[in-house]
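Asks: First, the structure itself, so that you have it in front of you.
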Amino acid sequence: MGFDSGTVSFRVFHLRQGLTRDSIEQFAAMAAPPIETLSRDAIQGWVSWRHLLDREVTEERCVFSSWMHLAMMRAERKIPGALLRAYCRLEEEIERKARGADFLDRKARSEVKDRVVSQLLPTMPPTLTGTAAVVDFRNDRVLAEAMSDAQIDRFCPFFRETTGQMPLLLNAETLALLRARVNATDLMPASFTTDAEVENEVQTSLGLEFLTWLWYAWEKDGGVFRLKNGDECGYMLEGPLLFYREGKGAHEAVLRKGSPLLSREAGMALFCGKKLKRAKFTLARGEQTWTATIDADFAIRGLKLPPSDQPDPTGQFQERMLAVETFLEAYFELYDRFLALRCNPAEWSLCLAGLRAWVARLAGV
19 MGFDSGTVSF RVFHLRQGLT RDSIEQFAAM AAPPIETLSR DAIQGWVSWR HLLDREVTEE
79 RCVFSSWMHL AMMRAERKIP GALLRAYCRL EEEIERKARG ADFLDRKARS EVKDRVVSQL
139 LPTMPPTLTG TAAVVDFRND RVLAEAMSDA QIDRFCPFFR ETTGQMPLLL NAETLALLRA
199 RVNATDLMPA SFTTDAEVEN EVQTSLGLEF LTWLWYAWEK DGGVFRLKNG DECGYMLEGP
259 LLFYREGKGA HEAVLRKGSP LLSREAGMAL FCGKKLKRAK FTLARGEQTW TATIDADFAI
319 RGLKLPPSDQ PDPTGQFQER MLAVETFLEA YFELYDRFLA LRCNPAEWSL CLAGLRAWVA
379 RLAGV
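Each residue of the sequence shown is one higher than the last, beginning at 19 in our numbering.
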């Protein structure tokens with residue numbers, strides 16, 4: 019699973035009360051049931067990071083210094099749709115002939131389907147899915163490969179059932195509250211276009227504003243900045259680019275070919291009221307580089323980490339987690355800079371003027 023090798027995709031969650039190494043006992047108590055117990059209903063539980071059938075959730079196996087690495091496993095039996103439909107048609111025909119009827123009503127067809135499901139489901143092999151997760155004890159965070167709403171809706175309640183606390187998904191709005199005590203609803207919506215025909219923004223979208231500002235600041239200042247610890251970093255953006263506009267007639271636009279950041283099409287997307295929703299982001303610090311696709315909702319996709327020099331798997335995992343931490347802190351500090359600007363009316367007014375002029379120039383109008 020992704021956190022121990024290769025690229026990683028994840029969402030970040032905040033733990034208000036934090037967790038300690040002793041919490042491994044809570045996860046062990048909610049370990050996945052044996053796969054042999056799977057019947058008609060799905061089963062789920064925690065397993066180690068090694069594989070989805072490793073039910074040995076222990077400190078020795080899952081805790082590495084400041085991190086706990088495991089996965090939420092879900093097992094269920096599924097009947098392929100085509101197979102279910104074929105068996106239903108077969109059984110419906112048998113039932114129709116047995117009744118001497120020309121057709122079966124809805125209730126009868128439903129009864130046939132229930133009977134077919136009851137017969138077929140126990141013969142289906144288990145389908146396993148896993149959501150890898152890392153609990154960061156030092157930073158009170160959880161990194162989880164829960165990228166879709168459905169995965170988040172399944173992961174968070176089970177995590178609360180295990181630990182007694184609900185993870186808080188970090189997005190533009192929750193991060194603003196946690197890091198700067200900024201409530202997005204207190205900020206006026208911002209438009210980055212001078213086109214009078216574009217409908218006014220109806221709500222503040224900090225994530226969209228941040229990514230668009232990040233692009234503008236990179237072109238304006240070169241993308242060089244210093245972290246709070248004094249380290250000098252640089253960043254750049256690349257395509258493909260995804261643009262989005264909220265409100266009436268909301269829709270998306272994707273630019274992939276050529277150099278989309280320099281294209282007039284990108285400028286026109288911004289000029290028509292859209293904002294940047296997704297782009298490829300590269301961070302550099304010294305000789306180290308990180309590359310990922312970043313979203314306005316702060317999902318991190320396909321994060322490529324600097325290569326590890328550690329010879330053993332434990333050392334490699336710890337080094338990878340430190341690299342993830344460095345990436346997140348740099349990215350969050352860029353967001354802090356945006357928030358400081360966004361909450362200063364005078365500075366934000368000047369920034370808006372520069373942004374709108376940049377958009378018009380990029381659009382060629």
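We treat Cβ as the ideally placed atom computed from N, Cα and C, and that holds for glycine. Computed from a predicted structure; not experimentally measured.
Pairing CB atoms from the segment 162-178 with CB atoms from the segment 22-41, are three or more of them under 8 Å?
Replies: Cβ pair count under 8 Å is three or more, so yes.
Asks: Under the three-state reduction of DSSP, which class applies to I318: helix, strand or coil?
Replies: The answer is strand: DSSP assigns I318 an E or B state.
Asks: If we ignore side chains and look at the alpha-carbon of each, how far apart do T38 and F82 end up?
Replies: Answer to the nearest angstrom: the Cα atoms are 12 Å apart.
Asks: In three-state DSSP terms, what is M90?
Replies: Strand, per DSSP.
Asks: Counting C-beta neighbours from all protein chains within 10 Å, is the total for P278 16 or more, i.e. buried, or is it exposed?
Replies: Result: buried.
Asks: Taking the straight line between their C-alpha atoms, what separation do you get for V342 and F176?
Replies: For V342 and F176, the distance between alpha carbons rounds to 25 Å.
Asks: Looking at C-alpha atoms only, which residue of M254, N201, R197 and T222 is the closest neighbour of P207?
Replies: Closest option to P207, Cα to Cα, is T222.
Asks: Short of 7 Å in beta carbon distance, which residues of its chain neighbour P51, apart from the five on each side in sequence? Order them along the chain.
Replies: Contacts found: I61 and G63.
Asks: So, with DSSP's three-state summary, where would you put I97?
Replies: It is coil, neither helix nor strand.
Asks: Apply the 10 Å Cβ neighbour rule to F121 and answer buried if 16 or more other Cβ atoms are within range, or exposed otherwise.
Replies: Classification of F121: exposed, given that the 10 Å Cβ count is below 16.
Asks: I'd like to check one pair, K298 with Y262: are the Cβ atoms closer than 8 Å?
Replies: Contact flag unset, no.
Asks: Could you check what DSSP says for G333 in three-state terms: helix, strand or coil?
Replies: In the structure shown, G333 sits in a helix (DSSP, three-state: H, G or I).
Asks: Would you call K275 buried or exposed, if buried means 16 or more other Cβ atoms sit within 10 Å of its Cβ?
Replies: Per the 10 Å Cβ criterion, exposed.
Asks: In the DSSP assignment, find the unbroken alpha helix (DSSP H) run with F243 in it and report its ends.
Replies: Here F243 belongs to no alpha helix (DSSP H); instead the beta strand (DSSP E) covers V242 to R244.
Asks: If you run the structure through DSSP and keep just helix, strand and coil, what is D313?
Replies: Residue state, collapsed to three classes: strand.
Asks: Go ahead and label A381 buried or exposed: buried means 16 or more other beta carbons lie within 10 angstroms of its beta carbon, across all protein chains shown.
Replies: Answer is buried; the Cβ neighbour count reaches 16.
Asks: How many whole angstroms separate the CB atoms of E109 and R133, which I take to be in contact at a CB cut-off of 8 Å?
Replies: Confirmed, about 7 Å.
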